[in-house]
Amino acid sequence: GAGVSQSPRYKVAKRGQDVALRCDPISGHVSLFWYQQALGQGPEFLTYFQNEAQLDKSGLPSDRFFAERPEGSVSTLKIQRTQQEDSAVYLCASSPTGVFNYGYTFGSGTRLTVV
Amino acid sequence: DAKTTQPPSMDCAEGRAANLPCNHSTISGNEYVYWYRQIHSQGPQYIIHGLKNNETNEMASLIITEDRKSSTLILPHATLRDTAVYYCIVRAMNRDDKIIFGKGTRLHILP
């Protein structure tokens with residue numbers, strides 16, 4: 013597709029439930045990023061992939077958060093045993109490596125509400 | 148990466164030029180200035196970037212001071228659709244890792 017696609021667009025989870033959020037980056041983009049955005053705040057970095065390699069996961073807030081990109085394209089962010097503080101918009105971005113000048117392309121995000 | 152300082156909010160009348168300032172007094176010689184914006188319910192959108200020369204594209208102009216310690220993003224003829232949060236980011240050359248966002252400036256375009 014022409015842009016970064018994220019699904020679902022909205023997700024409501026009961027506290028303690030596991031969720032999986034999907035990101036389809038732009039075809040051919042090597043780098044993929046996940047961000048978490050709480051209401052009224054700027055996006056906070058979670059993790060970064062280059063192809064299938066997870067090069068930076070320093071932003072993952074706890075071991076309940078796990079991300080993968082097994083074939084170097086689609087990525088999934090999984091949150092286990094969701095808590096109310098996990099409620100946020102989860103954004104995915106991609107970029108072609110080495111072409112940093114053009115910036116990153118973001119998806120519209122998945123809004124997760126934990127009740 | 149160097150930190151940036153932006154006003155939390157600004158108003159601009161529709162049709163006028165919107166001038167959004169950003170201070171980045173600790174910027175290093177190899178760091179670019181990037182601007183992104185985030186319209187409600189959307190992901191951030193790349194606008195423009197520059198190193199030391201002024202830049203212009205179809206969306207905006209970027210004016211960087213000679214000492215590179217501050218910059219201004221200019222939307223020449225603001226429309227209601229320009230209402231968004233604008234983020235100023237400084238970032239080293241040849242970096243392909245994370246972007247660090249601050250709180251940005253919430254720009255309100257007034258009809």
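Chain order of the listed sequences is A and B. For the first sequence, the residue numbers in the working numbering are 13 to 127. For the second sequence, the residue numbers in the working numbering are 148 to 258. All C-beta atoms in this analysis are idealised placements derived from N, C-alpha and C, irrespective of residue type, glycine included.
{"Item": "Selection from G71(A), P37(A), L44(A) and V24(A) that minimises the alpha carbon distance to V126(A)", "Value": "V24(A)"}
{"Item": "F45(A): contacting residues in chain B (beta-carbon distance under 7 Å)", "Value": "K245"}
{"Item": "Residues sharing a beta bridge with Y234(B), DSSP", "Value": "Y183(B)"}
{"Item": "Bridge partner(s) assigned by DSSP for V31(A)", "Value": "I91(A)"}
{"Item": "Endpoints, the beta strand (DSSP E) within which F77(A) is located", "Value": "F77 to E80"}
{"Item": "For Q66(A): DSSP bridge partner residues", "Value": "F61(A)"}
{"Item": "Residue closest to R123(A), alpha-carbon to alpha-carbon, out of A14(A), R34(A) and S43(A)", "Value": "R34(A)"}
{"Item": "Cβ of G249(B) within 9 Å of any chain A Cβ", "Value": "yes"}
{"Item": "Interface partners of P55(A) on chain B, CB under 7 Å", "Value": "P191 and F248"}
{"Item": "Per-residue contacts from G84(A) into chain B (C-beta, under 7 Å)", "Value": "Here the premise fails: no neighbours, minimum Cβ distance about 15 Å."}
{"Item": "Alpha-carbon spacing of P108(A) relative to H41(A), whole angstroms", "Value": "4 Å"}
{"Item": "Contact between the segment 219-230 of chain B and the segment 176-195 of chain B (3+ Cβ pairs under 8 Å)", "Value": "yes"}
{"Item": "Residues sharing a beta bridge with P168(B), DSSP", "Value": "T219(B)"}
{"Item": "L254(B), buried or exposed, once every other Cβ within 10 Å from all chains shown has been counted against 16", "Value": "buried"}
{"Item": "Under the three-state DSSP convention, the category R163(B) falls into", "Value": "coil"}
{"Item": "Under the three-state DSSP convention, the category E213(B) falls into", "Value": "coil"}
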